Amino acid sequence: MSALTDETAGIDAETPFRRLAADFFASKLAAAGLAVFAAILVVALLAPWISPQNPYDLASLDLMDGRLPPGSASADGLVYWLGTDDQGRDMMSAIFYGLRTSLGVGALSSIAALLLGGALGLVAAYVGGRVETLIMRVVDLQLSLPAILVALILVALLGHGVLKIILALVVVQWAYYARTIRASALVERRKEYIEAARCLALSDARIVLHHILPNCLPPVIVVATVQVAHAIALEATLSFLGIGLPITEPSLGLLIANGFEYMMSGKYWISFFPGVALLIAIVSINLVGDRLRDVLNPRLQK
Amino acid sequence: MTVLIIRRLMQSAVVLLAMSVLVFLGVFAIGNPVDILISPQADQAEIARATAALGLDKPLWEQYFVFLRNALHGDLGRSFVFNEPALRLIVERLPATLELAFAAMLVAIVLGLPLGLFVGLKPDSPLARLVAAGSILGFSLPTFWVGIMLILVFAVELHLLPSTGRGATVNVLGLDLSFLTWDGIKHLLLPAINLSLSRIALVIRLAAAGTREVVHMDYIKFARAKGLASSRIVLVHVLRNILIPIVTVLGLEIGAVIAFSVVTETIFAWPGIGQLIIKSITVLDRPVIVAYLMLTVLLVITINLLVDILYSVLDPRVRLAEARA
Chain A
0 MSALTDETAG IDAETPFRRL AADFFASKLA AAGLAVFAAI LVVALLAPWI SPQNPYDLAS
60 LDLMDGRLPP GSASADGLVY WLGTDDQGRD MMSAIFYGLR TSLGVGALSS IAALLLGGAL
120 GLVAAYVGGR VETLIMRVVD LQLSLPAILV ALILVALLGH GVLKIILALV VVQWAYYART
180 IRASALVERR KEYIEAARCL ALSDARIVLH HILPNCLPPV IVVATVQVAH AIALEATLSF
240 LGIGLPITEP SLGLLIANGF EYMMSGKYWI SFFPGVALLI AIVSINLVGD RLRDVLNPRL
300 QK
Chain B
0 MTVLIIRRLM QSAVVLLAMS VLVFLGVFAI GNPVDILISP QADQAEIARA TAALGLDKPL
60 WEQYFVFLRN ALHGDLGRSF VFNEPALRLI VERLPATLEL AFAAMLVAIV LGLPLGLFVG
120 LKPDSPLARL VAAGSILGFS LPTFWVGIML ILVFAVELHL LPSTGRGATV NVLGLDLSFL
180 TWDGIKHLLL PAINLSLSRI ALVIRLAAAG TREVVHMDYI KFARAKGLAS SRIVLVHVLR
240 NILIPIVTVL GLEIGAVIAF SVVTETIFAW PGIGQLIIKS ITVLDRPVIV AYLMLTVLLV
300 ITINLLVDIL YSVLDPRVRL AEARA
C-alpha cells in the first residue's frame, strides 16, 4: 500500500503527503496495523531465508517428527516453536511460505483487477452513452451476485491452478474498482480544470490519464486495501474447500484445511497457527484501510 | 409500480439466460466425465457407448438446446455419480440449507440489533467502543477458520455441542425441520453462529449508524419533551425508523448467506446443497454443478427482486420517487 500512497504524494508537492502521513499516524491503532502489516510483508518476502526449514524440501522432513506439539525439539536440535504437521513439517516455516503465497495471490489479483476495473470505469465515465450503460449493467449484475458464488462458478468453469484462481479473484473484484473510479471520474470530469485542459486542446488520453485519473486515486486506494484483504480471505476459503490453489503452492487456507482432520484429536496447532497468521494479515490490512478512508475523505478534514 | 416490476422481471430473465449459456459452456469445457466414470480398462466401444448414453457425442449447440428445453421442463439432467435427477438431489438438500441460512439471519438480528442500538445510543461508553471494534473483527475473521475454532472450543475441548451433521428432524408439511427437536437445535447452533458472524457485524454497524442519525431528529426530541419513557422511545420511535435499511440489506444478504453456507456446511458436515456442490466440483459431476449454479442464481435474483419490490412498498419516499419518474 505504501507504494500507492507515495505515488499520490508525488503528484502533489511533498507537503500534502506529510500532512496525510501525520493524519494517518495520529491513530495509534492504524499505526500499529501498518507496522504489523509491514512485518508480515517482510516475513513473506524473506520466507526462504528466515524459515528454520524448507518445508517443501522432502529431504529435510522427518516423518518421526510428525504432529509434534508446539515447542518440541527434533532429534538434531531444531525447535518447532509452532509444532509440526502430519509429515513432520515445521509449522512456522510452512506459515512463512504460506503467507508468501497468500499475499502474493491477493496482491497480484488486486493489481490486475485494479487495472481492468480502473480502465473500464474511466472509459465508462469519459465516453458515456451506450458504452457506459453496457459496462455499468455488467458491474451491477456482478455486484448483485455474492462473491463466493461468482468464485464457485469460475472455479467450476476454469478448474484449479494458480493463474486460474488469480483470474477468478480478478473477476470477483474488478467491478468494485470500476464503480469507484467511474463515480469519482464523473465528478472530476465536470470540474473547471478539466475544461481548462480541454481548452488547451490536450488529447483525450492525456486528459484522462494525467488529469482525471490522479484525482480519482484517493477513494481507489481505500477500495484497494479492503479488496486485497477480501481477496486473501476468499482465496484462503477456496483453498480450504479444496477448490483453490493446488497442493504444490500451499497457501494458508490449504494449511488450515490440512490440519482440520487432526482437530478432533486435539492437535489444534496445525490449523490454529496458520489461521492466526491469516487473521493478523487481514485485520492489519483492514485497520490500515479503515484509517485511510478517514484520512483521505475530504469531508472529514479539518 | 407495475411497469417497474415488469421491467425488473425481464431483466432477471435475460440475466438467467446469459448465466445458463455461461455456465453450460464453462462446465462443458472442464474435463471429460467419461474418463472419471468408466474404468480405465474399458475399450473403445464401451467408452463410445457411455459417451452416447450421456449425450456427450452431439454437437455443443445441440446439447445446449436439449439442456435448455429440459431445464424449462424442470429437468436439469441426471447426476453422473448418483444416477438421480440433479434437481431432485438439490431440492432434497435445500431445506437443510435454508434452515441453516434463516437460523443464521435470526442469530444476526437477535444479537446484532440490541448491540447496534446500544452502540448508537451510547457511542462513547467503553463497552460500545469494544463492540464497535469487535464488529471490524467480525468482518475480518475468515468464516471457515471461525468454524474450526468453534468446533475446537465447544466440541473438542468443552464437549458442549456436537461438531458435525444435522440432528434429529421432525417432518412438518413434507419438510424435515431440525429446530423443533432439542437434538436438532444443538446441532444447528454452532453452524448458525458461524454463518451469522459477519452478518452480526453488519447489523451492528447498520443499527448503530441509523440510531446515531435518528436520535438527533426532531420527532425524537419531541417524544422526549412529551415525557415518554426512554424504553418506549427506543423500541417504538428509534427502532421503527432504523429498521427499513436493515431489513433491506439483510434481505439482499439472504442470497449471500445461502451461497456462503458452502463453507459452513463443509466444516460442520451439514447435509445441505453447499456440501453437495463442493463434492460435485471435485468429481466433475456436471449436471449437479449446472443445476446448483442455475438454482442458486435464480434464488439470488428472485430474492433481490422481491426485496426491491418490498422496499418500494414499505418506504413511501421510494414509491413517490418511482411515481414521479
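Chains A and B are the protein sequences, given in the same order.
Heads up: the first sequence at position 294 corresponds to 293 in numbering that gives the first Met the number 0, and the numbers run straight through without jumps.
Heads up: the second sequence at position 81 corresponds to 80 in numbering that gives the first Met the number 0, and the numbers run straight through without jumps.
From the three backbone atoms N, C-alpha and C, an ideal C-beta is built for every residue, glycine too.
Computed from a prediction, not measured in an experiment: that's the story for all the values here.
Residue i: first and last residue of the uninterrupted beta strand (DSSP E) it sits in
i: residue 170 of chain B; result: 169-171
i: residue 174 of chain B; result: 174-176
Contact set between residue i and chain B, taken where Cβ atoms lie within less than 9 Å
i: residue 145 of chain A; result: 252, 254, 255, 256, 257, 258, 259, 295, 299
i: residue 134 of chain A; result: Correct list: empty, because the minimum Cβ distance to chain B is about 15 Å.
i: residue 216 of chain A; result: Within chain B, no residue comes near residue 216 of chain A; the closest Cβ sits about 24 Å away, beyond 9 Å.
i: residue 289 of chain A; result: 135
i: residue 282 of chain A; result: 135, 136, 139, 140
Minimum C-alpha distance to residue i - residue among the options
i: residue 214 of chain A; options: A:203, A:227, A:185, A:224; result: A:185
i: residue 52 of chain A; options: A:44, A:23, A:95; result: A:95
i: residue 280 of chain A; options: A:219, A:230, A:84; result: A:230
i: residue 262 of chain B; options: A:278, A:241, A:274, A:191; result: A:241
i: residue 132 of chain B; options: B:145, B:118, B:184; result: B:118
i: residue 221 of chain B; options: B:236, B:209, B:141, B:80; result: B:236
i: residue 246 of chain A; options: A:223, A:159, A:190; result: A:159
i: residue 93 of chain B; options: B:46, B:61, B:139, B:175; result: B:175
i: residue 72 of chain A; options: A:90, A:163, A:259; result: A:90
i: residue 98 of chain A; options: A:296, A:268, A:234, A:267; result: A:234
Proximal residues of chain B, C-beta to C-beta of residue i below 8 Å
i: residue 222 of chain A; result: Per Cβ cutoff of 8 Å: no residues; residue 222 of chain A is ~15 Å from chain B at best.
i: residue 293 of chain A; result: Those do not exist, as residue 293 of chain A stays about 13 Å from chain B at its closest Cβ, beyond 8 Å.
i: residue 100 of chain A; result: Simply none; closest approach about 15 Å.
i: residue 236 of chain A; result: 141, 142, 143, 262
Opening and closing residue of the alpha helix (DSSP H) in which residue i lies
i: residue 205 of chain B; result: 181-213
i: residue 210 of chain A; result: Taken as a continuous stretch (DSSP letters only), residue 210 of chain A belongs to no alpha helix (DSSP H), as it is neither H nor E.
i: residue 263 of chain A; result: That residue, residue 263 of chain A, is in no alpha helix (DSSP H); it is neither H nor E in DSSP.
i: residue 155 of chain B; result: It is not in any alpha helix (DSSP H) - residue 155 of chain B carries neither H nor E in the DSSP assignment.
i: residue 257 of chain A; result: 251-259
i: residue 294 of chain A; result: 268-295
i: residue 69 of chain B; result: 59-71
i: residue 35 of chain A; result: 27-44
i: residue 88 of chain A; result: Per DSSP, residue 88 of chain A belongs to no alpha helix (DSSP H) and is neither H nor E.
i: residue 43 of chain B; result: 43-52
i: residue 50 of chain A; result: Looking at the DSSP string, residue 50 of chain A is not in any alpha helix (DSSP H), and its letter there is neither H nor E.
i: residue 126 of chain B; result: 125-139
i: residue 93 of chain B; result: 85-120
i: residue 336 of chain A; result: This structure does not reach residue 336 of chain A, given that chain A is present from 0 up to 301, and the question cannot be answered.
i: residue 149 of chain B; result: 142-149
Beta-carbon neighbours of residue i, restricted to chain A and to distances below 8 Å
i: residue 280 of chain B; result: 151, 154, 155, 242
i: residue 133 of chain B; result: Those do not exist, as residue 133 of chain B stays about 12 Å from chain A at its closest Cβ, beyond 8 Å.
i: residue 138 of chain B; result: 285
Chain-ordered chain B contacts of residue i [CB-CB under 7 Å]
i: residue 270 of chain A; result: 147
i: residue 267 of chain A; result: 151
i: residue 263 of chain A; result: 155
i: residue 246 of chain A; result: Here the premise fails: no neighbours, minimum Cβ distance about 13 Å.
i: residue 140 of chain A; result: 14
i: residue 232 of chain A; result: 141
Min CB distance residue i to chain E below 8 Å
i: residue 85 of chain A; result: In the structure shown, chain E cannot be found, because the protein chains are A and B.
Distance cut-off 7 Å: residue i Cβ against heavy atoms of the ligand ADP
i: residue 97 of chain A; result: Questions concerning the ligand ADP fall outside what the structure shown contains, since it holds no ligand whatsoever.
Under 9 Å from the C-beta of residue i: neighbouring residues of chain A
i: residue 25 of chain B; result: 152, 153, 155, 156, 157
i: residue 292 of chain B; result: 148, 151, 152, 155
i: residue 276 of chain B; result: 151, 155
Chain A contact residues for residue i, given Cβ-Cβ distances below 7 Å
i: residue 265 of chain B; result: 240
Quick check: the region 256-267 of chain B against the region 192-199 of chain B, are at least 3 beta-carbon pairs closer than 8 Å?
These segments touch.
Are three or more beta carbon pairs between the region 33-40 of chain A and the region 275-287 of chain A nearer than 8 Å?
Touching, per the Cβ criterion.
May I ask you to verify whether the region 208-225 of chain A touches the region 172-191 of chain A, counting CB pairs closer than 8 Å and requiring at least 3?
yes
Contact between the region 251-270 of chain A and the region 148-162 of chain B is defined here as three or more beta-carbon pairs at a separation below 8 Å; is this criterion met?
yes
Does the region 288-302 of chain B come within contact of the region 74-87 of chain B, defined as at least 3 CB pairs closer than 8 Å?
Touching, yes.
Could you pull out every unbroken alpha helix (DSSP H) segment of at least 4 residues lying fully inside the region 210-293 of chain B, listed in chain order?
217-224, 238-267, 272-281
Determine, using beta-carbon pairs with one atom in the region 65-73 of chain B and one in the region 222-232 of chain B, whether at least three such pairs fall under 8 Å.
no
Using 8 Å as the Cβ pair cut-off and three pairs as the minimum, do the region 266-281 of chain B and the region 157-176 of chain B touch?
Enough Cβ pairs lie closer than 8 Å, so yes.
Pair every Cβ in the region 110-127 of chain A with every Cβ in the region 269-279 of chain A, then say whether three or more of these pairs are closer than 8 Å.
no
Looking at C-beta atoms only, is the number of pairs between the region 243-253 of chain A and the region 96-107 of chain A that lie closer than 8 Å three or more?
yes
Between the region 140-158 of chain A and the region 294-314 of chain B, do at least 3 Cβ pairs fall closer than 8 Å?
yes
Report the residue ranges of all alpha helix (DSSP H) runs contained in full by the region 144-173 of chain A; include only those spanning at least 4 residues, in chain order.
Given a length threshold of 4 residues, each whole run of the alpha helix (DSSP H) inside the region 144-173 of chain A is given here in chain order: 146-157.
For the region 222-229 of chain A against the region 133-144 of chain A, are there 3 or more C-beta pairs whose distance is under 8 Å?
Flag = no, the region 222-229 of chain A and the region 133-144 of chain A do not touch.
Can we say the region 187-196 of chain B touches the region 100-109 of chain B, given the rule of at least three CB pairs closer than 8 Å?
yes
Report yes or no: do three or more beta-carbon pairs, one from the region 108-115 of chain B and one from the region 202-210 of chain B, lie closer than 8 Å?
Touching, per the Cβ criterion.
Can you confirm whether the region 162-181 of chain A touches the region 194-202 of chain A when touching is taken to mean that 3 or more C-beta pairs between the two stretches lie within less than 8 Å?
Touching, no, given that fewer than three Cβ pairs across the two stretches are closer than 8 Å.
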